[in-house]
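Residue 74 is where the sequence shown starts when you use the numbering used here, and the numbers rise one by one after that. Here is the structure we will look at, set down as structure tokens.
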Amino acid sequence: MQLDGANHVKRRLHQIHVRRARMREQPVYEQYSDDKSYKLEIHQRADGLYEVRARRKITDEYMGNDWFEYTNLHDMMHLTDTLQSALQIGGELLRNLI
74 MQLDGANHVK RRLHQIHVRR ARMREQPVYE QYSDDKSYKL EIHQRADGLY
124 EVRARRKITD EYMGNDWFEY TNLHDMMHLT DTLQSALQIG GELLRNLI
């Protein structure tokens with residue numbers, strides 16, 4: 074039982090490490106909605122595919138007016154094989170979110 078638990082912990086730590094590494098990636102392309110409440114990011118993955126991410130701006134009422142961050146809208150994430158199609162998908166996402 075302990076081995077299974079140890080393997081689970083190792084797998085979970087690896088998942089966290091991979092997620093953090095992905096967060097540090099620089100996008101190939103970024104675009105914001107006019108009011109800056111949504112952000113579109115396109116990243117190129119190691120396998121050559123392009124990942125289109127839609128993100129929403131969130132604020133915290135307890136922090137100052139200048140504090141905010143963008144969180145992923147996971148149901149708005151798409152993969153495609155060319156940058157051109159990623160740009161088309163991203164443009165449609167932004168139009169639909171506004």
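Beta carbons: idealized from backbone N, C-alpha and C, even for Gly.
**Request:** Round the Cβ separation of residue 144 and residue 129 to the nearest angstrom and send it over; I've been treating them as touching at under 8 Å.
**Result:** Reading the sequence shown from its first residue, position 71 is the one you call residue 144. Reading the sequence shown from its first residue, position 56 is the one you call residue 129. The pair is a contact, with the Cβ atoms about 6 Å apart (cut-off 8 Å).
**Message:** Among 109, 110, 160, 165, whose alpha-carbon lies nearest the alpha-carbon of residue 100?
**Reply:** Counted from its first residue, the sequence shown places residue 100 at position 27. Of the listed residues, the one whose Cα sits closest to residue 100 is 160.
**Request:** Report the three-state DSSP secondary structure of residue 129 (helix, strand or coil).
**Result:** Mapped onto the sequence shown, residue 129 falls at position 56. In this structure, residue 129 counts as strand in the three-state DSSP scheme.
**Exposure of residue 119, with buried meaning 16 or more beta-carbon neighbours within 10 Å** = Residue mapping note: residue 119 aligns to position 46 of the sequence shown, counting from 1. Exposed, since its Cβ has fewer than 16 Cβ neighbours within 10 Å.
**Item:** Of the listed residues 123, 146, 165, nearest to residue 153 (C-alpha basis)
**Value:** Translated into positions along the sequence shown, residue 153 becomes position 80. Among 123, 146, 165, the Cα nearest to that of residue 153 is on 123.
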